[in-house]
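For reference, the structure discussed in these notes is given below.
Residue numbers (the numbering used here): 12 to 191.
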């Protein structure tokens, strides 16, 4: 541990709730969020949330796709994924249970965080499916949790089948995710 980190303040959710602006909290460290993403990033997020919502509704699943909702992982960790899916009704405020699915759309300013710390966090917390969306390469990497708690990783083809909330089977067309 570097000397600077050793003496850095250790923040909690209580501190986080008072902050102005866009922040995440990683194991007590305040992480400033990047400025608003560009249009292509937001277009992909919008397409994904629409496709997930339509698929969940068509399958009659008790799940809810949500955009940029704070997930309070612990007293000192709060993240804000681009998209998450919760089982059951949407939370009254922030998400406090492990989501069934988390999706992050990579950008130059978030790529390292999404592929590093956040990927490790999502695996450690038992997220069922982690989608890593690369708009430049037009690919979706899928990390799916398997029975022993490890993760199977593959790149999605044209159609992505997902199992959410134990009894929900959906499919989304990856080719429609990248409209531009």
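Ideal Cβ positions, reconstructed from N, Cα and C, are used throughout, including at glycine.
These numbers were taken from a predicted model, which means no experiment stands behind them.
Delimiting residues of the alpha helix (DSSP H) encompassing residue i
{"i": "residue 172", "result": "It is not in any alpha helix (DSSP H) - residue 172 instead sits in the beta strand (DSSP E) that spans 170 to 175."}
Minimum C-alpha distance to residue i - residue among the options
{"i": "residue 77", "options": "45, 89 and 56", "result": "56"}
Alpha-carbon to alpha-carbon, residue j and residue i
{"i": "residue 89", "j": "residue 42", "result": "10 Å"}
{"i": "residue 26", "j": "residue 83", "result": "13 Å"}
{"i": "residue 71", "j": "residue 24", "result": "35 Å"}
{"i": "residue 19", "j": "residue 38", "result": "12 Å"}
{"i": "residue 148", "j": "residue 155", "result": "21 Å"}
{"i": "residue 157", "j": "residue 110", "result": "15 Å"}
Contact check, residue i vs residue j, beta carbons under 9 Å
{"i": "residue 144", "j": "residue 112", "result": "no"}
{"i": "residue 114", "j": "residue 95", "result": "yes"}
{"i": "residue 98", "j": "residue 80", "result": "no"}
Where residue i sits in the DSSP three-state scheme
{"i": "residue 74", "result": "strand"}
{"i": "residue 40", "result": "strand"}
{"i": "residue 59", "result": "helix"}
{"i": "residue 21", "result": "coil"}
{"i": "residue 186", "result": "helix"}
{"i": "residue 91", "result": "coil"}
For residue i, the first and last residue of its enclosing beta strand (DSSP E)
{"i": "residue 122", "result": "Here residue 122 belongs to no beta strand (DSSP E); instead the alpha helix (DSSP H) covers 122 to 126."}
{"i": "residue 164", "result": "162 to 166"}
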